[in-house]
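Visitor: I have a structure I would like to understand better, so I am pasting it below and will then ask my questions one at a time.
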Amino acid sequence: MFKTLKNDLPASIVVFFVALPLCLGIALASGAPLFSGLIAGIIGGVVVGALSGSKIGVSGPAAGLAAIVLTAIGSLGGYENFLVAVVLGGIIQIVFGLLKAGIIGYYFPSSVIKGMLTGIGIIIILKQIPHFFGYDAEPEGADSFIETSGENTFSAILNITDNITMGSMTIGLIGLAILLLWDKVLSKKGKVFQIVQGPLVAVVLGIVFFVVTQGSSLGIANTHLVSVPIPEDLDSFIGQFSFPNFTAITNPQVWIVAFTIALVASLETLLCVEATDKIDPEKNVTPTNRELLAQGTGNIISGLIGGLPITQVIVRSSANIQSGGRSKMSAIIHGFLLLISVVLIPKLLNMIPLSVLAAILLIVGYKLAKPGLFKKMYDMGWKQFVPFVVTVAGIVFIDLLWGIGLGLLVGIVVILIKSYQNSHFLHIEDNSNGKHKIKMTFAEEVTFFNKGAILKELDSLPKDTYLELDVRKTRYLDNDIIEILEDFAFKAKERNIDIQLISERGIVENPDSFIEFFKLRPKSA
4 MFKTLKNDLP ASIVVFFVAL PLCLGIALAS GAPLFSGLIA GIIGGVVVGA LSGSKIGVSG
64 PAAGLAAIVL TAIGSLGGYE NFLVAVVLGG IIQIVFGLLK AGIIGYYFPS SVIKGMLTGI
124 GIIIILKQIP HFFGYDAEPE GADSFIETSG ENTFSAILNI TDNITMGSMT IGLIGLAILL
184 LWDKVLSKKG KVFQIVQGPL VAVVLGIVFF VVTQGSSLGI ANTHLVSVPI PEDLDSFIGQ
244 FSFPNFTAIT NPQVWIVAFT IALVASLETL LCVEATDKID PEKNVTPTNR ELLAQGTGNI
304 ISGLIGGLPI TQVIVRSSAN IQSGGRSKMS AIIHGFLLLI SVVLIPKLLN MIPLSVLAAI
364 LLIVGYKLAK PGLFKKMYDM GWKQFVPFVV TVAGIVFIDL LWGIGLGLLV GIVVILIKSY
424 QNSHFLHIED NSNGKHKIKM TFAEEVTFFN KGAILKELDS LPKDTYLELD VRKTRYLDND
484 IIEILEDFAF KAKERNIDIQ LISERGIVEN PDSFIEFFKL RPKSA
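Its first residue numbered 4, the sequence shown is counted upward by one per residue in the working numbering.
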């Protein structure tokens, strides 16, 4: 992990600036103490980061659980009773991991995962536009179409013109210009601009701008700044921690909430793992069962000291990848940065304008939802495009879980239409005779339902293997499987695995690109 510290340290600073307002905003949206969001962010970074098998995933409080938390605190009779459900939820997640329920993550089609990434990117952009102009009616981190302020995503944007804060907008524009300059120009000019990240420079300038403009027409009020709780002394700091009331463990409602938290948090985590692995430039494969064990441990500890429920979170994870994070040290260091900053420099943090952090998130959102992806998905055919668009629309107009659920439903219908006639299997023949020669024969139709089996077989191949991949009988090969082969080809080189692709078009040794070989077209099967 320490070999990539030069990459991970700068990335951790960016993730810290992304995570800080989200931790506070999600706590506010959940009706929980602000400090509870910071606890969850710290535990998600330090504890879950250390235990997880993901090199680039970052965990913390999730917006998808905010509505559940808000309702549960009221129905269970207080935050201390709710913390019991968080602890029990963590224990249930550990049971899920021991039962190897992590395989569920492999059964979400690629089109839905890409729709999830794009939808979250669009939501980030839409939700941050008001903050960028100094309209902070909605807490940071909210992802639902209907907002707590009574507005919706689009009406909040339309109301910006009557609520612009000139100081926030000015430093927001300056911050955005710095980020673009750093990303497009300066980062290519020298190593110093790669070590000192643009977001850090933008935040420092934001603090300077706040201090210099106090009392002027461009002055920024406290309501438009980060709002970290400031303890007066050690006793008041310790007083911010809450502890579970275990006498509530006999309440059946506590167990229902616990199971709900475990189920939703596990699902969000597995989806995020699948998504981050897909955009990871190193093409690492995260062990999903280990991830459930790590998340469960994190939720137990978070619940015991007053924190919100934790999941792996795509916004922080994608910011980590975009900033060059290479190992889990980035997630761990970001957790320590949260801890150190809220203990030592809370007053300095409270000088950061929300509009500068909004500028950082706008860049993250755009990189997740590049317009060109829509054309790329359209070119892959309706079987990929329809689930993708439905997922995006569901996330934007309802929320994350609804969007994924609708996209998955459409994806299943598409697959059933295409593959109702034939069974799906993966046939393995060991013709090694001591030479590590393996032959895989694909079925007539191979869909995303086969992802788990194929991934398992490919990952279990030993080094120095000669793999014969026979697709002569295959009439329908899902895009998900082609992407798995494309990613595997990248890793195969590191493991000295040679691939011989046998098809009706001939035999190819170590294809440069499986995607190009199978030539995906809009009207192809």
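Cβ atoms here follow ideal geometry from the backbone N, Cα and C, with glycine treated the same way.
#1: Quick one, are the C-beta atoms of Val87 and Val257 less than 8 Å apart?
#2: May I ask which residues mark the beginning and end of the beta strand (DSSP E) holding Met172?
#3: Could you tell me how far apart the beta carbons of Ile485 and Ile518 are, in whole angstroms, since I believe they sit closer than 8 Å?
#4: Who are the Cβ neighbours of Glu447 in its own chain at under 8 Å, not counting the five residues just before and after it?
#5: If you pair each beta-carbon of the stretch 105-120 with each one of the stretch 326-345, do three or more pairs fall below 8 Å?
#6: Ignore the nearest five residues each way along the sequence and tell me which others in Thr74's own chain have a CB closer than 7 Å to its CB.
#7: Can you list, in chain order, the residues of its chain with a C-beta nearer than 7 Å to that of Asp467? Leave out the 5 residues immediately preceding and following it.
#8: Contact check, Leu352 vs Val211 under 8 Å by CB: the rounded distance?
#9: Measure the C-alpha to C-alpha separation of Asn323 and Glu507 and round it to an integer number of angstroms.
#10: Report the three-state DSSP secondary structure of Pro133 (helix, strand or coil).
#11: Could you tell me the boundaries of the alpha helix (DSSP H) in which Tyr82 lies?
#12: Does the Cβ-Cβ distance between Pro312 and Leu23 come in under 8 Å?
#13: Do three or more CB pairs link the stretch 120-136 to the stretch 365-383 at distances below 8 Å?
#14: Could you tell me which residues DSSP puts in a beta bridge with Leu470?
#15: What is the C-beta distance between Val449 and Val413, in whole angstroms, given that I count them as a contact (C-beta under 8 Å)?
#16: Grab me the residues of Ile46's own chain with a C-beta within less than 7 Å of its C-beta, minus the 5 sequence neighbours each way, in chain order.
#17: What's the gap between the Cα of Ala14 and the Cα of Ser219?
#18: Kindly confirm or deny that the stretch 59-66 and the stretch 22-37 touch, where touching means at least three C-beta pairs closer than 8 Å.
#19: Among residues of its own chain, excluding the 5 on either side of Trp405, which ones have a beta-carbon nearer than 7 Å to its beta-carbon?
#20: Given this structure, state the Cα-to-Cα distance separating Leu208 from Gly178, to the nearest angstrom.
#21: In its own chain, which residues sit with a C-beta less than 7 Å from the C-beta of Arg319, not counting the 5 before and 5 after it?
#22: With a threshold of 8 Å, are at least 3 pairs of Cβ atoms found where one atom belongs to the stretch 258-270 and the other to the stretch 88-97?
#23: Once the 5 residues before and after Tyr109 are set aside, which same chain residues still bring their CB inside 7 Å of it?
#24: Between Glu277, Val214, Val399, Leu79, which has its C-alpha nearest Pro290's C-alpha?
#25: Should Pro525 go down as buried or exposed, given a rule of 16 or more other Cβ atoms within 10 Å for buried?
#26: Does the structure place the stretch 31-40 close enough to the stretch 135-148 that three or more beta carbon pairs sit under 8 Å?
#27: Which word fits Trp385, buried or exposed, when buried means at least 16 other C-beta atoms lie within 10 angstroms of its C-beta?
#28: What is the residue span of the beta strand (DSSP E) that Thr314 lies within?
#29: For Asn166, name the three-state secondary structure that DSSP assigns.
#30: Could you check which residue in Val206, Gly299, Ile505, Ile132 has the C-alpha nearest to that of Thr444?
#31: Asn254 to Phe85, Cα distance in whole Å?
#32: Thinking C-alpha only, which one of Pro247, Ser171, Glu489 is nearest Leu308?
#33: Considering only residues of the same chain and omitting the five flanking positions on each side of Asp490, which have a CB-CB separation below 6 Å?
#34: Determine whether the Cβ of Ala297 lies closer than 8 Å to any Cβ atom of chain C.
#35: Between which two residues does the beta strand (DSSP E) harbouring Ile510 extend?
#36: Can you round the beta-carbon distance between Ser55 and Lys331 to whole angstroms, since I take them to be within the 8 Å contact cut?
Guide: Inspection of the coordinates gives the following:
#1: Here residue 87 corresponds to residue number 84 of the sequence shown, with the count starting at 1. Here residue 257 corresponds to residue number 254 of the sequence shown, with the count starting at 1. One thing to note: Val87 has its Cβ within 8 Å of the Cβ of Val257.
#2: Taking the first residue of the sequence shown as 1, we reach residue 172 at position 169. From DSSP, Met172 is part of no beta strand (DSSP E) but of the alpha helix (DSSP H) over 169-187.
#3: The residue labelled residue 485 in the question sits at position 482 within the sequence shown. The residue labelled residue 518 in the question sits at position 515 within the sequence shown. At roughly 6 Å, the Cβ-Cβ gap stays under 8 Å, so Ile485 and Ile518 are in contact.
#4: For the purposes of this step, residue 447 is taken as residue 444 along the sequence shown, with counting starting at 1. Taken in chain order, the residues that qualify are Asn425, Lys476, Thr477, Arg478, Tyr479.
#5: no
#6: Within the sequence shown, residue 74 is the residue found at index 71, counting from 1. Cβ within range, chain order: n/a, list empty.
#7: Position 464 of the sequence shown, counted from the first residue, corresponds to residue 467. So the qualifying residues of the chain are His439, Asn499.
#8: Counted from its first residue, the sequence shown places residue 352 at position 349. Counted from its first residue, the sequence shown places residue 211 at position 208. Not a contact, Cβ separation roughly 14 Å.
#9: On the sequence shown, residue 323 is found 320 positions in, with the first residue counted as 1. On the sequence shown, residue 507 is found 504 positions in, with the first residue counted as 1. Taking the straight line from one Cα to the other gives about 42 Å.
#10: Indexing the sequence shown from 1 puts residue 133 at position 130. In this structure, Pro133 counts as helix in the three-state DSSP scheme.
#11: Along the sequence shown, one-based indexing puts residue 82 at 79. First-last of the alpha helix (DSSP H) with Tyr82: 82-101.
#12: The residue you call residue 312 lines up with position 309 of the sequence shown. The residue you call residue 23 lines up with position 20 of the sequence shown. In this structure, Leu23 does not lie closer than 8 Å to Pro312 by Cβ.
#13: yes
#14: If you number the sequence shown from 1, residue 470 lands on position 467. By DSSP's assignment, Leu470 forms a beta bridge with Ile441, Ile502.
#15: In the sequence shown, the residue the question calls residue 449 occupies position 446. In the sequence shown, the residue the question calls residue 413 occupies position 410. The Cβ separation is near 20 Å, so there is no contact.
#16: In the sequence shown, the residue the question calls residue 46 occupies position 43. A distance below 7 Å between beta-carbons, with the five flanking residues on each side excluded, links Ile46 to the following residues of its chain, in chain order: Gly301, Ile304, Ser305, Gly310, Ile313.
#17: As a position in the sequence shown, residue 14 is number 11, starting the count at 1. As a position in the sequence shown, residue 219 is number 216, starting the count at 1. Computed Cα separation, rounded: 35 Å.
#18: yes
#19: As a working note, residue 405 is residue 402 in the sequence shown. So the qualifying residues of the chain are Gly397.
#20: Residue numbering aside, residue 208 sits at position 205 when the sequence shown is read from its first letter. Residue numbering aside, residue 178 sits at position 175 when the sequence shown is read from its first letter. When rounded, the distance between both Cα atoms is 8 Å.
#21: What you label residue 319 is simply residue 316 of the sequence shown in a count that begins at 1. Cβ within range, chain order: Val18, Val21, Ala22, Val61, Gly63.
#22: yes
#23: Looking up residue 109 in the sequence shown gives position 106. If we look at Tyr109 and ignore the five residues flanking it on each side, its Cβ neighbours are Lys454, Gly455, Leu458.
#24: As a working note, residue 290 is residue 287 in the sequence shown. Among Glu277, Val214, Val399, Leu79, the Cα nearest to that of Pro290 is on Glu277.
#25: The residue you call residue 525 lines up with position 522 of the sequence shown. Its pLDDT being 40, under 50, Pro525 is placed unreliably by the model, and the measurement read from it follows with that caveat. Flag for Pro525 reads exposed.
#26: yes
#27: In the sequence shown, the residue the question calls residue 385 occupies position 382. So Trp385 counts as exposed.
#28: As a working note, residue 314 is residue 311 in the sequence shown. Where Thr314 is concerned, the enclosing beta strand (DSSP E) stretches over 313-315.
#29: Locating residue 166 in the sequence shown gives position 163, counting from the first residue. In the structure shown, Asn166 sits in coil (DSSP, three-state: anything other than H, G, I, E or B).
#30: Counting from one through the sequence shown, the residue named residue 444 turns up at place 441. Measuring from the Cα of Thr444, the nearest candidate turns out to be Ile505.
#31: Your numbering for residue 254 matches position 251 in the sequence shown. Your numbering for residue 85 matches position 82 in the sequence shown. Roughly 11 Å separates the two Cα atoms.
#32: As a working mapping, residue 308 is identified with position 305 in the sequence shown. Looking at the sequence provided, one finds Ile at residue 308 rather than Leu. Looking at the Cα atoms, Pro247 is the closest of the given residues.
#33: Position 487 of the sequence shown holds residue 490. These residues qualify, in order along the chain: Lys286.
#34: The structure shown contains no chain C; it is built from a single protein chain.
#35: Counted from its first residue, the sequence shown places residue 510 at position 507. For Ile510, the enclosing beta strand (DSSP E) has its first and last residue at 509-512.
#36: Translated into positions along the sequence shown, residue 55 becomes position 52. Translated into positions along the sequence shown, residue 331 becomes position 328. Contact holds; Cβ gap of about 6 Å.
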